[in-house]
Each structure stands twice: as structure tokens, then as C-alpha cells.
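Have a look at this one:
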């Protein structure tokens, strides 16, 4: 069985380290779930029987799904953060009969362990080395990106986080290994910062460990792309930890200057910020305003009259009430998210850098005002 898994993986250009060869990852969240048009596109097309279903439904459709933009290919990693159903919409193929046939035939695909290993190929069980003398308080910066990677954003955020930690004397560890999400390793950190993470990253046990960590008093800080996938495959992360789902951003033009309004200057994350400022950014829109959600405080929002939200990704980008940074209390834990952070320049822009700095500090539980137990 092990040999079969490795041979199947090799056929798709996958490699495993010597340790991983003995124990390929088989516990990713979607690994054994039936295929459907709501699965990641990469899962459907990487499982041979899944790709065969797509081709049987419409010859050439598999190739078209990877080239939906007038024949232009999806950016690297996008096949992990879109679904066949969403790509069919991009292609203008909205025939319900086609979608129904694909779902029916994909559900009949019997997944072998080799198929599961292929679907789980971007996950890992690797535990990074954490310095024994790690200073406390400390932050873990997680950068496992299996979807879309915008390297300038990631690199600028990393530099900013190093500067923030140095100014405060915090310990800081950077890793792209999902194996760090276990109770013992997470206990060494006061907050976990997700640096523009895109694509599903954690196995089932790792998800559970992270959720327990947050709900039992740990902190989360998410930056820009960490809340910006077209599709999420972890409901708790999108709907509870962050509280809203990304629906898109303007495309004409993509980057626009807008007025940022500080809503809650009494919150530790926004203390000392001016009442407003203007900046140019790739402005995210979401499926809802988080303002009505329990134990949620909007820190900053966008004045939509100062830029053109427009349409994109099949949605109207105008939200009316348009939060852009907020905090949430989850049991005893803390969640801070800022959608600012695509343009590298914005990691040194004074107001957004101050918001990021103070938001992480609040997520770490270092501010006078935290989250009461509920």
C-alpha cells in the first residue's frame, strides 16, 4: 500500500522527505470526503478518476477550468482556493444540468489511499525547532501558503513583524510547518500571527489544537490575505475566528486611495490613531459586516464614497457598512484581523503599522482590556 501511494504521488511530481515517505499525510480535512463541484479544483483534477469525470462531462473542460480568464491560466495556487463550481461561473457555464451531472459522477468516485495522499500533498506533520531560550511574551508567525502567494506582501509583513517584535522585546518564530499546531508548541506563544496565509493549511488534529488554543486563552492575528481566499474549506476559521468571508476586491483599478475611518479609538488596538487617514490599498469586501456580531468591535472601516468599489468576482463590492479591521472575543481567546496589507508600502505606513502593532499586542493579551470569560 505504501509503495502504491508513493508511486501515485510520483506520477504527479510529488516528493516526500525520508521521514514523510514512511508516513504520508492522510489526515487532511478533505482527504476522504467525496469529491464534488464544491471541492478544491486541485483535488478534483489531481485525482485521476475525478479528472476523468470532468472530461467525460465535457471534453476539454479540465483544461478550460485551469484557463478560465480568456484562455489565461489561473495564477499558481489558485486551483486550491477555487472550486469547479466557481470556475464554471467564470467560464460562463451555468447550466444546472452540467453541475448536477458532475456532482453525481464525482460522488461516485471511490478514493484510494493513494488518492487521499495526493489530496493531502500540501499538508505536513513537521514540527519546527523552537529555541529553548525563546523570550516571552512571544509570537509565532505562520506562513504556510498553499493557495495564492504574493511574495512582496509576505516579505514586507515579515520585515514589519521582526521590527515590531524587536521594539517590544518579544520572542518571535517564523515557520511554514503545520506540525507546530500542537498543544505543547502553541503553549509557548501568546499569539499566532497568520502572515497572508492562503489555502487550507492544517490537518484535522492541527485544526483542533489551534481552536483549543484560541478558545482557552490564546491569540490570533490575521493579516490581509489570511482572510482573502475566494473559497474557505474550514468554516470555523472563516465564520468564527475571522467572522466574515472575502468576496473580492476592485479590479478597475485594483489599487485605489480611500478614506479609512477609525471607529473605536477606545480599543487598545486603535488607541492613539487619528480619527481618519487616507491610503492606497487593494480594498477587500466581505459577505457581511461584522459589526452586529457578538463580542466584536470594529476598529476601522472604509468610506465607500472615497473610492470605487465596483464589481468583481461576480459580486458587487459595495458593502455600505464596510469594516476593514476588527477584533473578536472567542471564549477566553482573542482574534484580531486587518484586511490592510497587500501593498508592501503599507507595512511602513504609520497608521496601518501602528494598527498592526497594537492589534497584535491586544491579541497577545498584553493590553489592559482583553476578553472576559464567557
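Numbering (our numbering), first residue to last: 70 to 443.
In this text, a Cβ means the ideal position worked out from N, Cα and C, and glycines have one as well.
Using CA atoms only, rank isn't needed, just tell me which of the options is closest to residue i.
{"i": "residue 339", "options": "303, 431, 390", "result": "431"}
{"i": "residue 212", "options": "224, 194, 353", "result": "224"}
{"i": "residue 118", "options": "158, 110, 145, 179", "result": "179"}
{"i": "residue 221", "options": "248, 410, 423", "result": "410"}
{"i": "residue 321", "options": "275, 381, 98", "result": "381"}
{"i": "residue 150", "options": "144, 247, 122, 299", "result": "299"}
{"i": "residue 296", "options": "266, 288, 274, 273", "result": "266"}
{"i": "residue 115", "options": "207, 374, 333, 175", "result": "175"}
{"i": "residue 423", "options": "394, 398, 402", "result": "394"}
{"i": "residue 156", "options": "130, 357, 427, 181", "result": "130"}
{"i": "residue 290", "options": "97, 388, 429", "result": "429"}
{"i": "residue 152", "options": "307, 302, 244, 263", "result": "302"}
{"i": "residue 416", "options": "254, 144, 348, 334", "result": "348"}
{"i": "residue 408", "options": "336, 363, 264", "result": "264"}
Quick one, are the C-beta atoms of residue i and residue j less than 8 Å apart?
{"i": "residue 268", "j": "residue 214", "result": "yes"}
{"i": "residue 400", "j": "residue 368", "result": "no"}
{"i": "residue 448", "j": "residue 106", "result": "Given that the chain is displayed from residue 70 to residue 443, the structure contains no residue 448 and the question cannot be resolved."}
{"i": "residue 327", "j": "residue 376", "result": "yes"}
{"i": "residue 126", "j": "residue 171", "result": "yes"}
{"i": "residue 315", "j": "residue 279", "result": "no"}
{"i": "residue 433", "j": "residue 288", "result": "yes"}
{"i": "residue 208", "j": "residue 239", "result": "yes"}
{"i": "residue 206", "j": "residue 425", "result": "no"}
{"i": "residue 388", "j": "residue 421", "result": "no"}
May I ask you to report which of helix, strand or coil DSSP gives residue i?
{"i": "residue 373", "result": "helix"}
{"i": "residue 424", "result": "helix"}
{"i": "residue 159", "result": "helix"}
{"i": "residue 204", "result": "coil"}
{"i": "residue 80", "result": "Residue confidence is low: residue 80 scores 38 on pLDDT, short of 50, so the model does not pin down where it sits. Its coordinate-derived value is still stated next. Note: residue 80 maps to helix in three-state DSSP."}
{"i": "residue 110", "result": "helix"}
{"i": "residue 388", "result": "coil"}
{"i": "residue 181", "result": "coil"}
{"i": "residue 86", "result": "Caution applies to residue 86, whose pLDDT of 38 falls short of 50 and renders its modelled position unreliable; the value that the coordinates give is listed next. In this structure, residue 86 counts as coil in the three-state DSSP scheme."}
{"i": "residue 414", "result": "helix"}
{"i": "residue 215", "result": "coil"}
{"i": "residue 438", "result": "coil"}
{"i": "residue 71", "result": "Per-residue confidence for residue 71 stands at a pLDDT of 42, beneath the threshold of 50, marking its modelled position as unreliable; the derived number appears in the next sentence. Residue state, collapsed to three classes: helix."}
Return the bridge partner residues of residue i from the DSSP annotation.
{"i": "residue 325", "result": "350"}
{"i": "residue 398", "result": "403"}
{"i": "residue 141", "result": "138"}
{"i": "residue 380", "result": "385"}
{"i": "residue 147", "result": "Answer by DSSP bridge pairing: none, since residue 147 is not bridged."}
>> Restricting to runs no shorter than 3 residues, where is the beta strand (DSSP E) found entirely within the stretch 227 to 285?
In response: With a minimum length of 3 residues, the continuous beta strand (DSSP E) runs that stay inside the stretch 227 to 285 are 240 to 244, 260 to 264.
> Hey, which unbroken runs of the beta strand (DSSP E) at 3 residues or more fall wholly within the stretch 281 to 321?
Replying inline: Listed in chain order, the complete beta strand (DSSP E) runs (minimum 3 residues) inside the stretch 281 to 321 are 288 to 292, 315 to 317.
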